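Structure record follows, encoded as structure tokens.
Residue numbers (the working numbering), protein chains in the order written: chain A, 1 to 244; chain B, 1001 to 1248.
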């Protein structure tokens, strides 16, 4: 079927130091993915609530944030935080950041998180808007404060409703970690490119990396489906929207 | 207990409440009826300030809702509300629905809240359904859980906004039975309903509202059999299915 004219040498990925780089790459990729996902979920929740509150300055602030981070490529944010951000700081502080060995990882996490947060916030906002206003009224009428209404009634229902798009976004965010290679974060894609440039045998390691990305993405998708099944009883029972 | 002093409210240019003055005393059961769009729901929702009024004053349990210093959230905890569409929390079981506010608002321990919730589930006749989710319950059962949820806060006032309108006919009586038992305990209640049999049995006064105004306030026996106002008469004849002799 394929005629690649390429002799695979499957020894390469398992030779030192390449194996070490690949393992380290997997570790960094997972680290960046987990930290950015969790952080953007927390920040995104805050922004989504700000976006639907009746306090106008908070709404405006959230809107501005979302537009800025949604409309500029994620890669640009990585480059920004790696190259430009330290320059904007007072010179002593900037130099200190640059000299920090893992600054690229921090810049990568920061850029990806802020980028992903904008999407998470919008997805969650759609969930919040989809909750019948009677839910809010029921909570209000039992004397719950605003914070309690969101914590116990509105947000838990929103999270359940938005599981499918949120799962997709999280998978997207996981794969986006490969962008970090542009700022030399030693994650998996960066490792494959390093090995390629040293050995001209990139196809083997890239194939392995591809399998890794597929495996993790599929697992994430499976977790989402399990969660959907688990919560099905709840999300199918949304009460009607009050008409008066 | 609840006092409306020339209350007026507009939705945009639509005048929904016109010079409402009404005093409801402790332990009184008031039934509000009237054509839809007449302001009944809006009126009842101003009592716990889910809707705010622009003109006039509402005093609940001696506290003015118009006073900016009033802690409305605390006051709401004393006022139970039951909705036409139940509005149970779909992500929580019946028991958890009832336990939530007592734990979070009143600070009850989980154990105490659970005891209280189980007692209330028994009271509304649903002991065996405690662990079910709202979707697994019939409309009538959901509404009884909703009543139990309000009662769990041990409110001084209960508001019912068409509690049986969304129910199948055969499920209505169980809900009305629970409500009737409340009136026997001396609960102050404001009920929007067209269940005239219920009104006849338990209401102290019936308020007839139309186009944002209170047209007539009477004892149930008088308002059904011998309404003074033409609009009330017309409405009553329609919902009681009596031919209107005044119509040509």
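Ideal Cβ placement from N, Cα and C applies to all residues, glycine included.
Note that the structure is predicted; figures quoted are calculated from it, not measured.
Check, Outcome
"Going along the chain, which residues of the segment 1085-1107 of chain B sit with their C-beta nearer than 7 Å to a C-beta in chain A?", "1085, 1086, 1087, 1088, 1089, 1090, 1091, 1100, 1101, 1104, 1105"
"What residues in the segment 127-156 of chain A bring their beta carbon closer than 7 Å to a beta carbon of chain B?", "134, 135, 137, 138, 140, 141, 142, 143, 144, 145, 148, 152, 153, 156"
"Is DSSP giving residue 1056 of chain B helix, strand or coil here?", "strand"
"Give me, in chain order, the residues of the same chain whose beta-carbon lies closer than 8 Å to that of residue 244 of chain A; leave out the 5 immediate sequence neighbours on both sides.", "Below a pLDDT of 50, predicted positions are generally treated as unreliable, and residue 244 of chain A, at 35, falls in that range; the measurement from the model is reported next regardless. Same-chain partners within the cutoff: there are none."
"In whole angstroms, what separates the C-alpha of residue 1080 of chain B from that of residue 1228 of chain B?", "33 Å"
"Where does the unbroken beta strand (DSSP E) through residue 1003 of chain B begin, and where does it stop?", "1002-1011"
"From this set, A/10, A/18, A/28, which residue's C-alpha is nearest residue 184 of chain A's C-alpha?", "A/28"
"Does any residue of chain A bring its CB to less than 8 Å from the CB of residue 1077 of chain B?", "yes"
"Out of curiosity, what's the CA-to-CA distance linking residue 1099 of chain B and residue 1107 of chain B?", "11 Å"
"Can you tell me whether DSSP reads residue 236 of chain A as helix, strand or coil?", "Residue placement at residue 236 of chain A cannot be trusted, given a pLDDT of 48 that sits under 50; the coordinates are not used to answer."
"Is the CB-CB distance between residue 1209 of chain B and residue 1224 of chain B below 8 Å?", "no"
"Specify, as a first and last residue, the run of the beta strand (DSSP E) that residue 1014 of chain B falls within.", "1014-1024"
"Please list, in chain order, the chain A residues whose beta carbon lies closer than 7 Å to that of residue 1081 of chain B.", "141"
"Which residues of chain B have a Cβ atom closer than 8 Å to the Cβ of residue 160 of chain A, listed in chain order?", "1091"
"How would you label residue 1085 of chain B, buried or exposed, when you count the other beta carbons within 10 angstroms and need 16 or more for buried?", "buried"
"Any beta-carbon of chain A closer than 8 Å to the one on residue 1067 of chain B?", "no"
"Which residues does DSSP pair with residue 9 of chain A in a beta bridge?", "Partner(s): none; residue 9 of chain A has no beta bridge."
"Please confirm if residue 1050 of chain B has its CB atom under 8 Å from at least one CB of chain A.", "yes"
"List the residues of chain A whose Cβ lies closer than 7 Å to the Cβ of residue 1073 of chain B, in chain order.", "143, 145"
"Here's the rule: buried if 16 or more other CB atoms are within 10 angstroms of the residue's CB, otherwise exposed. What is residue 1190 of chain B?", "buried"
"Indicate whether the contact test is met: 3 or more Cβ pairs, each with one atom in the segment 1190-1207 of chain B and one in the segment 1030-1049 of chain B, closer than 8 Å.", "yes"
"Taking residue 1177 of chain B as part of the alpha helix (DSSP H), name the residues at either end of that continuous run.", "1169-1184"
"Between residue 1153 of chain B and chain A, is any beta-carbon pair separated by less than 8 Å?", "yes"
"Can you tell me where the alpha helix (DSSP H) holding residue 1236 of chain B begins and where it ends?", "1230-1239"
"Tell me where the alpha helix (DSSP H) around residue 41 of chain A begins and ends.", "18-52"
"Quick test of the definition: if touching needs 3 or more C-beta pairs under 8 Å, does the segment 138-150 of chain A touch the segment 1139-1157 of chain B?", "yes"
"Where are the beta strand (DSSP E) runs, 3 residues long or more, that stay fully inside the segment 137-166 of chain A, in chain order?", "none"
"Tell me where the alpha helix (DSSP H) around residue 1161 of chain B begins and ends.", "That residue, residue 1161 of chain B, is in no alpha helix (DSSP H); its beta strand (DSSP E) goes 1157-1161."
"Which one of B/1196, B/1116, B/1155 has the shortest CA to CA distance from residue 1172 of chain B?", "B/1196"
"Would you say the segment 52-67 of chain A touches the segment 116-130 of chain A, given that touching needs at least three Cβ pairs under 8 Å?", "yes"
"Given residue 1055 of chain B, which residues of its chain have a CB within under 6 Å of its CB, disregarding the five upstream and five downstream residues?", "1008"
"Using the Cα positions of residue 8 of chain A and residue 74 of chain A, report the straight-line distance between them to the nearest angstrom.", "34 Å"
"By the three-class DSSP mapping on this structure, what secondary structure does residue 187 of chain A have?", "coil"
"Provide the residue span of the beta strand (DSSP E) that contains residue 1188 of chain B, from first to last.", "1188-1192"
"Assign residue 1050 of chain B to one of three DSSP states: helix, strand, or coil.", "coil"
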